[in-house]
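Notes follow the structure.
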């Protein structure tokens with residue numbers, strides 16, 4: 006026998022239907038860790054019946070945000086463990102390995118696919134954020150976090166003065182390394198993360214996007230740096246340990 010640990014923020018998208026149907030049909034024991042919904046135009050989710058089958062069969066539901074928790078049927082709520090992203094612990098440890106020197110950089114980390122789905126004029130957005138960097142005396146740097154080099158990505162965020170991002174990973178890395186961040190919430194998962202776990206600001210990709218980024222940048226440069234708490238890091242570790250106990254019991 007075995008106990009499977011299923012982790013991955015976007016696994017409840019419709020594109021993973023075949024995977025979940027096969028897992029549920031297998032009758033394997035499993036738990037979720039750091040899983041959550043995507044909610045935005047153009048990205049379909051799992052059908053309600055399949056979603057509830059997953060929640061019913063799972064031993065522990067390690068979920069990342071209240072939006073996902075709200076979909077769990079009342080009879081399965083005792084399985085829910087709401088926690089921050091498991092990557093926080095790794096990112097924080099990785100960023101403390103060397104001497105981190107913050108540079109006068111505004112890092113613009115983009116999720117261009119999500120921005121297109123949200124009908125954002127990407128060229129105009131880049132131009133506006135670059136103008137803001139110049140206004141605040143910062144060097145403008147763009148990144149997509151798509152090169153799979155986590156060491157470079159973490160270092161880039163940790164050494165930036167401020168981060169503007171439409172990628173959830175950008176928010177996660179910023180919070181874990183204590184860098185100010187403005188999230189562009191094309192997908193509700195980003196605003197859910199920010200409001201549930203951080204002291205950051207999120208802005209919507211609407212007609213007021215540029216003005217709201219400007220306002221948010223003015224605000225975050227005047228407040229203390231956000232810091233992930235030891236309680237948050239411990240909470241994620243506790244959920245993982247609870248799941249590992251289930252794994253050990255199967256041996």
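Residue numbers (the numbering used here): 6 to 256. For every residue, glycine included, the Cβ atom is placed at its ideal position computed from N, Cα and C.
- Residue 102 and residue 79 have their C-alpha atoms spaced approximately 43 angstroms apart.
- Taking a C-beta distance under 9 angstroms as the contact criterion, residue 198 and residue 173 qualify as a contact pair.
- In the three-state reduction of the DSSP assignment, residue 45 falls in the strand class.
- Boundaries of the alpha helix (DSSP H) harbouring residue 251: 235–254, taken from the DSSP string.
- Note on residue 41: 16 or more other CB atoms within 10 angstroms of its CB, so buried under the neighbour-count rule.
- Under the three-state reduction of DSSP, residue 22 is assigned to helix.
- Residue pairing of residue 145 in beta bridges, as defined by DSSP: 111.
- Listed as beta-bridge partners of residue 86 by DSSP are 67.
- Within its own chain, the residues whose Cβ lies closer than 6 angstroms to the Cβ of residue 100, once the five positions on either side in sequence are excluded, are 159, 163, 182, listed in chain order.
- In the structure shown, residue 103 falls within a coil segment according to DSSP collapsed to helix, strand and coil.
- 14 is the residue among 58, 54, 14, 32 whose C-alpha sits nearest the C-alpha of residue 88.
- Inclusion of residue 178 and residue 149 in the CB contact set at 9 angstroms is not warranted, their separation being larger than that value.
- Straight-line measurement puts the Cα of residue 49 at about 15 angstroms from the Cα of residue 76.
- Shown here for residue 73: same chain residues with a beta carbon closer than 6 angstroms to its own, the five before and five after excluded, namely 41, 42 in chain order.
- Check the Cα spacing between residue 194 and each of 61, 17, 252, 246: the tightest is with 17.
- If you look at residue 36, you'll find it in the beta strand (DSSP E) that goes 34–40.
- Membership of residue 196 in the alpha helix (DSSP H) is indicated by the continuous run 193–202.
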